[in-house]
Structure formats: structure tokens, C-alpha cells
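Asker:
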Amino acid sequence: MTTVTGRLWRDGEPQDDEFSFDAISDCLASDNQLVWADIYDPDHDALRALAGELHLNIWAVEDAVAPMERTKATVYHTHTFFTVYAVDSVTPPADDDISSTLSKHRISGFVLPRGLITVRLPSEDGVEFDIRTVSDRFDELGGQQYGVGALVHALLDVVVDGHFDAVQTLDDAIEGLEDELFADSGPRKGLQRSTFRLRKDLVELRRVVLPMREVVGAIQHRRIDAKTAPELDPLYADLYDHVLRASEWTESVRDLVTTVFETNLSLQDARLNTVMKKLTGWAAIIAVPTAVTGFYGQNVEYPGINTAAGFVASSVVIVLLVIVLYLMFKRRDWL
927 MTTVTGRLWR DGEPQDDEFS FDAISDCLAS DNQLVWADIY DPDHDALRAL
977 AGELHLNIWA VEDAVAPMER TKATVYHTHT FFTVYAVDSV TPPADDDISS
1027 TLSKHRISGF VLPRGLITVR LPSEDGVEFD IRTVSDRFDE LGGQQYGVGA
1077 LVHALLDVVV DGHFDAVQTL DDAIEGLEDE LFADSGPRKG LQRSTFRLRK
1127 DLVELRRVVL PMREVVGAIQ HRRIDAKTAP ELDPLYADLY DHVLRASEWT
1177 ESVRDLVTTV FETNLSLQDA RLNTVMKKLT GWAAIIAVPT AVTGFYGQNV
1227 EYPGINTAAG FVASSVVIVL LVIVLYLMFK RRDWL
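If you're matching positions, the sequence shown starts at 927 in my numbering and goes up one per residue.
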């Protein structure tokens, strides 16, 4: 079901009770007003009608509702279109080694000279993005005096902060795997599945984190070209730095999870070699009494046959050889 919320500022003062979706065109036409309209689960026909009213690029509108759209930013003559993915960390059940630890929320935006229109689609896992955090971040910045650039910055800043939290969650999970990997009792049974799940989550996260450099760079260059609100330039520079750090951190976590995966395989091979070495040692020890008793079990006459002395002699030989082999293998760490 389509839900529309929004905020309106006039001369830098909030006038949220006067916001009307039907009057967006009039609000955008006024030089002293700033409007933000958020459309959740949009109706395609209604969105196309709004695009025609605001002269939005029709292909950008299609991209806003198209499935599996990638993170990107496109600059048009009258507006800028972008698609980003906010990410939340979720905690699967303790015995669940398959479910993802990340929840993605797709947000598309049309940046106009005096307004921002965001389009959000429902999340596949049912976890919804709290759009109020963007509004709160904008108010903390005091962005009314800086126009739509501050509003876009608030949205992207919240998204990038979510990326940092997601990378931190994956990093902590990998550290937990490392502790299990080198535990004295050995790794638990589901370690391999947990590592594979983290690798899948990391691949999904990289797809939304790495292209953020393109999005922030395109919006910043558009602002610089238009020479609007130069006071925001340091904030956008800091935001771009955060995007770079998140990208680098994601790459380092990728190397870590690959190392954990390969190390686990190496440790499994080492454990298998140790087991085989011990089995071989015990097999050699067990072969001694088998050989001795087999010798005395021959159907031929030999010294000590059918006598107590022969039994004692064979038993002593078995015990001595077993002790010698055990001590020799133990000294060489074969047992």
C-alpha cells in the first residue's frame, strides 16, 4: 500500500502541517520553500503522473521501481537521480547458520533545486528502514538554511553510517569465528556454514558500499557546478571520506573471511594428518602381538610348544616390543 509522508520548510522554518502531496509542484516553484516527499511502496501509475508533473526523466522513474537496481547516480539537466541501499544488522537465531545477518533497504531519490523526492520499496525480509532518522539528522545539522543539499546529505549520511555498522557487525562475527577456529576443543560443527554465510553477506554488502563513491561524488560535483551552499562542502568532503573508509574496511574484512575459510581447511587437513599418524602408530603397536601370537600359532614343532615356559616367553616378547614401540613413537610425537 502506497504511503506518502513529507515535510515542508518556508523561510527556514518547518511548516510540516501544511505539507500536501497534491501541492508539491506549487511548493517546488516557490523560492523560499523547501519540500521533502517520501513515497513508500509507490503506485507505478501515480509515480509516472508525478514525474510528468515535475518533468522528471521517465527512465529514472522506471529505475526507481525496477527490481534489482544497482547503486548509482545520474545527473540530468533539471535534476539528479540516485539509488542507494541502507543496511541494517539483524541477529538470526543462535542455531541458524544460514540466514543473513544483513537487511537491505532500497532508497531512490530525485534531487530538485528546492526539494527532494525519495522512493522506497518494501524490504524482502520485512524489516523496514526508519526514515525518521534522516529527518532527525537534518534537524541536528540545522540544514534548513542550506537547502536541499543538506537534506540529501542527511539521507546519505544515515545510509553510510548504516554501512559502517554492518561492516562492524561482520568484523565482530569474523573475530568470533577466529576464536572458535583456534579453540582448544576445536571448531564447532557449523563453522564452515557460518563462514560461507558471512562471505555471502560480505558480497552483498560490497555491492552497495563500493558504488557509494560514485553517488556521493556525482552529487557533490553537481553542487559545485551549481555553486549552491558552499558551506556544505566540508560536510560532503567528510561524507566522501567516510565512504572511502567503509569501502576499504569492507575490502579488509573480505580478506579476513577468506583467510578464515582457507585456514579452516588447512587446519582440517592438519587434524586429518595427525589422526592418520596416530592410527598408523597404534596399528604398528597392535601388529606386534599379532605377529608374535601368529608365529606361535604355527602347526609345527618349536621350542616351548604346549609348555608354560613357551607361553611366558611369548608374553614377555610381546610386552617388551609393545613398550619399545610405544616409547619410540611417543618420543617422535606419533602418539
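Backbone N, C-alpha and C define an ideal beta-carbon position, used for all residues, glycine too. From a predicted model like this one, the values you see are computed outputs, not experimental measurements.
Arg1032 by DSSP, collapsed to three states: which one?
Answerer: Arg1032: strand per DSSP, three-state reduction.
Asker: Taking only the alpha-carbon atoms, compute the straight-line gap between Gly1075 and Arg1125 and give it to the nearest angstrom.
Answerer: One C-alpha to the other measures close to 36 Å.
Asker: Measure the C-alpha to C-alpha separation of Phe1090 and Asp957 and round it to an integer number of angstroms.
Answerer: Their Cα atoms are separated by approximately 36 Å.
Asker: Looking only at C-alpha atoms, which of Val1135, Asp1097, Met927 sits nearest to Tyr1166?
Answerer: The shortest C-alpha separation from Tyr1166 is found at Val1135.
Asker: Applying the criterion that 16 or more other CB atoms from any shown protein chain within 10 Å of the CB defines a buried residue, is Leu1128 buried or exposed?
Answerer: The residue is buried, with at least 16 neighbouring Cβ atoms inside 10 Å.
Asker: Could you give the DSSP three-state label for Ala1217: helix, strand or coil?
Answerer: Here Ala1217 sits in helix by DSSP.
Asker: Is Trp962 helix, strand or coil when you go by DSSP?
Answerer: Trp962: strand per DSSP, three-state reduction.
Asker: Suppose contacts are defined by Cβ-Cβ distances below 8 Å. Is Glu1140 in contact with Lys1030 by that definition?
Answerer: No. Outside cutoff.
Asker: Whole angstroms is fine: what's the gap from Arg1040's alpha carbon to Asp971's?
Answerer: One C-alpha to the other measures close to 24 Å.
Asker: Taking the straight line between their C-alpha atoms, what separation do you get for Val1179 and Leu1107?
Answerer: The alpha-carbon atoms of Val1179 and Leu1107 are separated by roughly 17 Å.
Asker: What's the C-alpha gap between Pro993 and Arg1046?
Answerer: Taking the straight line joining both Cα atoms gives about 12 Å.
Asker: To the nearest angstrom, how far is the alpha carbon of Asp943 from that of Val991?
Answerer: Each residue's alpha carbon lies about 28 Å from the other.
Asker: What residue range is occupied by the uninterrupted beta strand (DSSP E) comprising Asp1014?
Answerer: Here the beta strand (DSSP E) through Asp1014 covers 1006-1015.
Asker: Check whether the Cβ atoms of His1168 and Val1086 lie closer than 8 Å to each other.
Answerer: Yes, these two residues count as a Cβ contact at 8 Å.
Asker: What is the rounded straight-line gap between the Cα of His1079 and the Cα of Ile1100?
Answerer: Computed Cα separation, rounded: 31 Å.
Asker: Compare the Cα-Cα distances from Thr1044 to each of Glu1174, Cys953, Gly932 and report the closest residue.
Answerer: Comparing Cα-Cα distances from Thr1044 to each of Glu1174, Cys953, Gly932, the minimum goes to Gly932.
Asker: Just to confirm before moving on: does the CB-CB distance between Leu1042 and Trp985 stay below 8 Å?
Answerer: Contact flag unset, no.
Asker: If you check the beta carbons only, do Ser951 and Leu973 fall under 8 Å apart?
Answerer: The answer is no: Cβ separation not under 8 Å.
Asker: Kindly identify the DSSP beta-bridge partner or partners of Lys998.
Answerer: Note: Lys998 sits in a beta bridge opposite Thr1009.
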